[in-house]
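Notes follow the structure.
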Amino acid sequence: MRRDSTAVGGRFLLAAFAAVLLAVAPLTRSDPRADTPAAIKVSIGFVHEALSEPPPLSLVEPVATDKGLAGARLAITEDNTTGRFLGQQYELKDVTVPAGGDLAGAVKSLIAGGTSLIVADLSAKRLLEIADLPEAKQAVILNTAAEDDELRTQDCRPNVFHIIPSRAMKADALAQYLTVKRWQRWVLVSGTGEGDKAFAAAIRRAAKRFGDKILAERNYTYTAGSRRTDTGEAQIQKQMIELTQRLPDYNIMIVADEGQVFGDYLPYRTWDARLVAGTQGLVPTAWHRSMEQWGATQVQHRFTAATKRWMLERDYTAWAGVRAFGEAVTRSGKTDPQAIRAYMLSDQFELGAFKGVALSFRRWDQQLRQPILLSSPLMLVSVSPQDGFLHPGTNLDTLGYDAPETKCNLNP
Amino acid sequence: MSPRRLILLPLVALAVAGLAGAAQAYTAYVSNEKDNTISVVDLDKMQMVKSIPVGERPRGILLSKDKKYLYICNGDADHIEVIDLDTLQSVRTLDSGPDPELFALDRDGNKLYIANEDNAMVTVIDLKDGTTAMQIPVGVEPEGMAVSPDDKILVATSETTSMAHFIDLKTLQVIGSVLVDSRPRFAAFTPDGKYVLVSSEIGGTVAVIDMATRKIVKKIGFAIPGVDKPTIQAVGINITADGKTAFVALGPANRIAVVDLTNFEVKKYLLVGQRVWHADFTPDGKYLVTANGNSNDISIIDVDALKVIKSVPVGQLPWGVVIR
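So the protein sequences, as listed, match chains C and W.
The working numbering numbers the first residue of the first sequence as 1335 and each following residue consecutively.
The working numbering numbers the first residue of the second sequence as 179 and each following residue consecutively.
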């Protein structure tokens, strides 16, 4: 019943019922909120720049307009459910600036208003802009959107933690799986965007790390056109053949197309009959709508009930960021940003985030260590790290830049 | 065949004969989360004798106090299914609220306390007329449920909130909450009612909470040589009738930890099937049967010898088990 599309509708009805129950709950005698005054107030800022994003190539996919924010909102309600038993009250301050707008000014006034716990749904450049503000020196900023490896290898900041996995972590997660499968002869096809190039670089690094071979590389240079064109598929088919013919004998095609210009056109259209992985096809990601393991079904249900759409990766990272703050406040009993920072870096910190293991921060670059999902469009395929990839600390550190590989040494 | 196997075989044969020699034929009922069935296992023959189709995603499973009925939480069907154990037929469903996962019966077997994972509620059902008596708001994702031996306190654990909530069964109010390690899955009282043990899946620990003070007096940790620490996750807890020993299922570590409750120390780890979550004793207390999700089987443990004597294949993704 839950497996067809109507099930989602059923869920919404149910959720609406649940929401009514919750709304009524404060009136009932048994509600503990009545007896526990809120002793601790915690304010968390959600900072976002309203950039225009490329729409998905497929018209089947709905375009979410509140990526990240929706996840942060869900986590705040969860922090409050926990908080009501402890006399803690959480609020989310949504700070959205227009593209190219005065981000620094907005963050300064957020901090001046007493909100120094910040979830940042920003590009790497904009993230560093606010992290380097003198006013933000004592703040704690959780990066939930920028995957740039440079933020973990050279541009580290003591006041910035990374919730979203880096490109290197994702590429390593994919490479481990392909290595286990012995699909070790790759062809890499990249777009021309900065993100595409960065992802391709992470793929090259992963190939070297795990002994995989990139036999050839191709670049996709066609300009993006309208998504909706009559009989457009004829041209696409021709383009993809031109892009992928006369290649050496390879196992799998890796695509680097973060800009979503052509990647979804590759499956079934390659010259040779080969699978596609990378930014499209089999995708390494922090979160996927098909994820149901380790209690994930519950958070998926809560999210779809609240938003009428699927939880996307940036919703998950924003959710995890707000939950990480909540966890640190709940466990330490403190709200002072420096106490929160210290707790998040301590051995005591463990975030349950539907990944089957406790998540914690790497001390050298303050990256959240986490299993990475490998998903096809409709199905969870595997979870990395794969069996047999060992690390003297935790096997989760086989993904991404390990301590000896980075210039960052934030907390020696 | 290795010499080691040759030695083991007669031992297993003896053990099997021992269980078959029990005065009463015991039957295990196993909920299989993936294929939506209950496996009926004859513990004399040590084999599955029947598979009962039930609603979607059966997980929590309980026997009625008179042992005539089986209650099953069908999470994706949003109800509790009741099976008559004489006929092995489904006789009714109870409206449980959304996504029931685990539940507990009161001492007299008249009330059912159900954890609704989806909406942070504990639902109380009156079994006489099947009506919902009350819904109690608790933390996010309630799961573990246990009623104190004196029938006065219900402990509900909430996974995302990471708390054990203490609910007064007279007033149905939350009278206290104790923060435990990440993702508490299960609660079990010692027979004397002095302590409640709460397992944390992600934390990988069992908190021992003193009922008089509602404070954690001991946190039991687990360490197995050669097993990656994050895979050691505490889930199901079964305590022997004499209150001296607890068996803790360690999930993906594929082991049951044997804990001495006189000093709360782990005295042994028993290798069972993969991703072991819940277990139950035979009524004579001589055997413990564990449901192993990822290997689609149950393991039978000799409680006195602390040895795993047999594994029996059941349905897909076995989750919980009860024995009568």
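The beta-carbon is built from N, C-alpha and C at its ideal position, and this holds for glycine as well.
Please state if the CB of residue j and the CB of residue i are separated by a distance shorter than 8 Å.
i	j	result
W/G451	W/A419	no
C/K1401	C/R1648	yes
W/G287	W/K228	no
C/G1734	C/A1502	yes
W/A483	W/I476	no
C/L1462	C/R1636	no
W/N210	W/W455	no
C/V1523	C/L1577	yes
W/I554	W/I216	Past the boundaries of the shown model lies residue 554 of chain W; chain W is included only from 179 to 502, so the question cannot be answered.
C/R1397	C/D1455	The amino acid at residue 1397 of chain C is misidentified as Arg; the sequence shows Val. It is not a contact, given that the beta carbons lie outside the stated cut-off.
C/G1597	C/Q1614	yes
C/K1591	C/D1506	Before going on, a small fix: residue 1591 of chain C reads as Asp here, not Lys. The answer is no: Cβ separation not under 8 Å.
C/Y1650	C/A1673	no
W/Y207	W/V444	no
C/N1745	C/L1679	yes
C/G1612	C/I1588	yes
W/V218	W/M226	yes
C/Y1599	C/M1574	yes
W/V436	W/F425	yes
W/V325	W/L290	no
C/A1473	C/S1450	yes
To the nearest whole angstrom, what separates the beta carbons of residue i and residue j, a pair I think is in contact under 8 Å?
i	j	result
C/I1464	C/L1426	Contact doesn't hold; Cβ gap of about 17 Å is too wide.
W/K422	W/L439	6 Å
W/V384	W/I394	Contact flag wrong, Cβ pair sits at about 10 Å.
C/I1706	C/P1582	That pair is no contact at about 28 Å.
W/E234	W/N252	6 Å
C/D1413	C/G1660	4 Å
W/P320	W/A293	4 Å
Classify residue i as buried or exposed, calling it buried when 16 or more other Cβ atoms lie within 10 Å of its own Cβ.
i	result
W/V352	buried
C/S1392	exposed
C/L1602	One point to set straight first is that residue 1602 of chain C is Tyr, not Leu, in the sequence displayed. The residue in question, C/Y1602, is exposed, as its Cβ has fewer than 16 Cβ neighbours within 10 Å.
C/L1724	exposed
C/K1375	exposed
C/M1713	exposed
C/E1528	exposed
W/G199	Confidence is the limiting factor: at W/G199 the pLDDT is only 49, short of 50, which leaves the residue's position unreliable, though a coordinate-based value still follows. Under this definition W/G199 is an exposed residue.
C/G1344	Any reading at C/G1344 must be qualified, since the residue scores a pLDDT of 42, below 50, and its modelled position is unreliable; no value is offered.
W/N432	buried
C/R1491	buried
C/Q1634	buried
W/I258	buried
W/T309	exposed
C/R1460	buried
W/T391	exposed
W/V374	buried
W/V358	buried
W/R270	exposed
W/I501	buried
W/D254	buried
C/R1516	exposed
W/S355	buried
C/V1394	exposed
Per DSSP, residue i forms a beta bridge with which residues?
i	result
C/C1490	Per DSSP, none; premise fails for C/C1490.
W/F281	W/I292
C/S1694	C/R1703
W/F344	W/V333, W/G354
C/R1519	C/K1547
W/A424	W/I417, W/V437
W/K446	W/V436
C/D1425	Contrary to the premise, residue 1425 of chain C reads as Glu rather than Asp in this sequence. Beta-bridge pairing links C/E1425 to C/S1377.
W/R270	W/V260
C/T1669	Per DSSP, none; premise fails for C/T1669.
W/D475	W/N470, W/P491
C/L1616	C/A1611
Tell me whether residue i counts as near the ligand NAP, meaning its Cβ is closer than 7 Å to at least one heavy atom of that ligand.
i	result
W/L272	Absence of the ligand NAP from the depicted structure is noted, as is the absence of any ligand whatsoever, leaving it without description.
Item to complete: Indicate whether the contact test is met: 3 or more Cβ pairs, each with one atom in the region 471-491 of chain W and one in the region 235-247 of chain W, closer than 8 Å.
Response: When C-beta atoms of the region 471-491 of chain W are compared with those of the region 235-247 of chain W, fewer than three pairs fall below 8 Å, so the two segments do not count as touching.
Worksheet item: Between the region 1639-1646 of chain C and the region 1665-1682 of chain C, do three or more beta carbon pairs fall short of 8 Å?
Response: no
Item to complete: Mind the definition here: the region 1487-1503 of chain C touches the region 1421-1438 of chain C only if three or more C-beta pairs lie below 8 Å; say whether that holds.
Response: no
Worksheet item: Hey, is the region 1464-1484 of chain C in contact with the region 1686-1695 of chain C, meaning 3+ C-beta pairs nearer than 8 Å?
Response: no
Worksheet item: Any chance the region 1594-1609 of chain C sits against the region 1619-1630 of chain C, with 3 or more Cβ pairs inside 8 Å?
Response: no
Practice prompt. Taking 8 Å as the threshold, find out whether the region 263-276 of chain W comes into contact with the region 314-325 of chain W through three or more Cβ pairs.
Written response: no
Worksheet item: Contact between the region 360-374 of chain W and the region 323-338 of chain W: three or more CB pairs below 8 Å?
Response: yes
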